[in-house]
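Colleague: Mind looking over this structure? Questions follow.
Protein chains: 2
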Amino acid sequence: MDQSNPKREIVFRSPWFQILARQPPGVDQPYYAIQSPDVAVIVAVNDRGELLLVRQFRPAVDLMTLELPAGHIESDETPEEAARKELREETGHEAGTLELLTKVSPSTARFTNRLWCFFASNVKPCQRAQPREAGVDFLYYERDIRSLLDEKEFISAASYAAMFAAVVRGRLKI
Amino acid sequence: MDQSNPKREIVFRSPWFQILARQPPGVDQPYYAIQSPDVAVIVAVNDRGELLLVRQFRPAVDLMTLELPAGHIESDETPEEAARKELREETGHEAGTLELLTKVSPSTARFTNRLWCFFASNVKPCQRAQPREAGVDFLYYERDIRSLLDEKEFISAASYAAMFAAVVRGRLKI
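Each protein sequence line maps, in turn, to chains W and A.
Using the numbering used here, you'd call the opening residue of the first sequence number 17 and step up by one each time.
Using the numbering used here, you'd call the opening residue of the second sequence number 17 and step up by one each time.
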């Protein structure tokens, strides 16, 4: 038995996440954390310096959103492989070099997983047709990056976080 | 009955969040969304331009983290009131002007709530002693903001998101 976390129990399961209850000794209420796979988020720009974005309906927020390409990292793939796969499936583009910008927590208060934020430069349309993810459209964002904050659909904290890392690392100019 | 979301059911409750299952007609699997109160996140700087950060243990990530001051917006308070209260309780500082930078979703895939990101300039220690939140320490971040990405404890996507908004809005220089 792990003395630092003596009681751990899965109290809810869905295909996408599970809830872990941990009850340290002498504490009345269990602490709940949400477990789900890590996620790759990609700041991708083409050779004209345009940012690649995806638009999709998000039931949790009941909105069409504009976000960076992103998706779960499956247990049989590396974060880099997942980033390349998501870019292909969501946008039909191939990443050249891929650089890890940072790894962050989507919610330090509640989630156990991490967001792996990548920068992909000089992305190009795939030469061969790719199976594309249904319900996800892509676009090149042609406006100034500062304008993103005024786009009503651009509300993903994960996208904001990866953009901050790309700017701080000098990969994007604002 | 709401035709657009005909079946909704709370399938798990904790004191901090609840899980809502929605099953659109003709769909086999319910869709799960996590409901919890909105959160205020505060980019706060003092008159020397130093950023105010808080350090605390976060069980979900099993780490001491360094984050922007933040906390739940209770049902009886405005987002601005919550931001001022969190700043007082977590850091013992009083905000002067408070500006809403942006409102984002902590997870467009899973959470229904929003993060209200504020900028507070010229914050000052409260003149009268305040009840302080247990287990939360504050500090002035004296290094360059670019250094934040290399701080192992600075992993909160919510903090990254609010920082991106503060930089894009011209409130912080990097």
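For every residue, glycine included, the Cβ atom is placed at its ideal position computed from N, Cα and C.
(1) Using a Cβ cut-off of 9 Å (strictly closer), state whether F135(A) contacts chain W.
(2) Closest to A86(A) by CA distance: which of V152(A), E66(A), Y157(A) is it?
(3) Tell me whether Q19(W) sits in a helix, a strand or coil according to DSSP, three-state version.
(4) Is it the case that the region 40 to 58 of chain A contacts the region 120 to 134 of chain A, given that we only count it when at least three CB pairs across the two stretches are under 8 Å?
(5) If the cut is a Cβ gap below 8 Å, which residues of chain A does A49(W) touch?
(6) Hey, would you say L103(A) sits closer than 9 Å to V139(A), going by beta carbons?
(7) Please report the Cβ distance between R187(W) and V43(W), rounded to the nearest whole angstrom; I am assuming they are in contact, meaning their Cβ atoms lie under 8 Å.
(8) Below 8 Å, how does it come out for the region 165 to 178 of chain W and the region 105 to 121 of chain A: are there three or more Cβ pairs, yes or no?
(9) When we look at the beta-carbon of A182(A) and count the other beta-carbons within 10 Å, is it buried (16 or more) or exposed?
(10) Please state the DSSP three-state secondary structure of I171(A).
(11) How big is the Cα-Cα spacing for F170(A) and Q72(A)?
(12) Residues of chain W with CB closer than 8 Å to the CB of E83(A), please, in chain order.
(13) Taking beta-carbon pairs under 8 Å, can you tell me which members of the region 27 to 38 of chain A lie near chain W?
(14) If you compare alpha carbons, which of L69(W), P41(W), Y48(W) is closest to V27(W)?
(15) Could you check what DSSP says for T107(W) in three-state terms: helix, strand or coil?
(16) Given a cut-off of 9 Å, decide if Q51(A) and Q34(A) are closer than it, judged by their beta-carbon atoms.
(17) How many angstroms separate the CA atom of A98(A) from the CA atom of G108(W)?
(18) Does DSSP put V184(A) in a helix, a strand or coil?
(19) Quick check on R144(W): buried or exposed, where buried means 16 or more other Cβ atoms within 10 Å of its Cβ?
(20) Nearest by alpha-carbon distance to I190(W): which of W32(W), R159(W), L79(W) is it?
(21) What residues match up with G132(W) in a beta bridge as DSSP calls it?
(22) Counting only Cβ pairs nearer than 8 Å, list the residues of chain A close to Q45(W).
(23) Using a C-beta to C-beta distance shorter than 9 Å, which residues of chain W count as neighbours of T128(A)?
(24) Please classify L84(W) as buried or exposed, where buried requires at least 16 neighbouring CB atoms within 10 angstroms.
(25) Under the rule that 16 or more other beta-carbon atoms within 10 Å means buried, what is R126(W), buried or exposed?
(26) So, using beta-carbon positions, are A174(W) and A136(W) closer together than 9 Å?
(27) Using DSSP with H/G/I as helix, E/B as strand and the rest coil, what is D78(A)?
(28) What residues from chain A crowd round Y157(W), counting only those whose CB sits closer than 7 Å?
(29) Any heavy atom of the ligand SAM closer than 8 Å to the CB of L36(W)?
(30) Cβ of L164(W) less than 9 Å from any chain A Cβ?
Modeller: Short version:
(1) It does not: the Cβ of F135(A) has no partner Cβ on chain W nearer than 9 Å.
(2) V152(A)
(3) With a pLDDT of 48 at Q19(W), under the threshold of 50, the predicted position of this residue should be treated as unreliable, and no value is reported.
(4) yes
(5) P75, A76
(6) yes
(7) Contact between R187(W) and V43(W) is ruled out by a C-beta separation of about 44 Å, above the 8 Å threshold.
(8) Taking a contact to require three or more Cβ pairs closer than 8 Å, the region 165 to 178 of chain W and the region 105 to 121 of chain A qualify as touching.
(9) buried
(10) Coil at I171(A), not helix or strand.
(11) 11 Å
(12) Those within 8 Å of E83(A) in chain W are T124.
(13) V27, F28, S30, P31, W32, F33, I35, R38
(14) Ranking the options by Cα distance to V27(W), first place goes to Y48(W).
(15) helix
(16) Contact flag set, yes.
(17) Those two C-alpha atoms are separated by around 43 Å.
(18) Looking at V184(A) - three-state DSSP - the assignment turns out to be helix.
(19) Exposed, by the Cβ-count rule.
(20) R159(W)
(21) Position check: residue 132(W) holds Trp in this sequence, whereas Gly was assumed. Answer is A56(W), K119(W).
(22) In chain order: P31.
(23) A76, V77, D78
(24) buried
(25) buried
(26) no
(27) Reduced to three states, the DSSP call for D78(A) is coil.
(28) Residues of chain A passing the Cβ test: none, with the nearest at roughly 14 Å.
(29) Ligands are entirely absent from the displayed structure, and the ligand SAM is therefore not among its contents.
(30) yes
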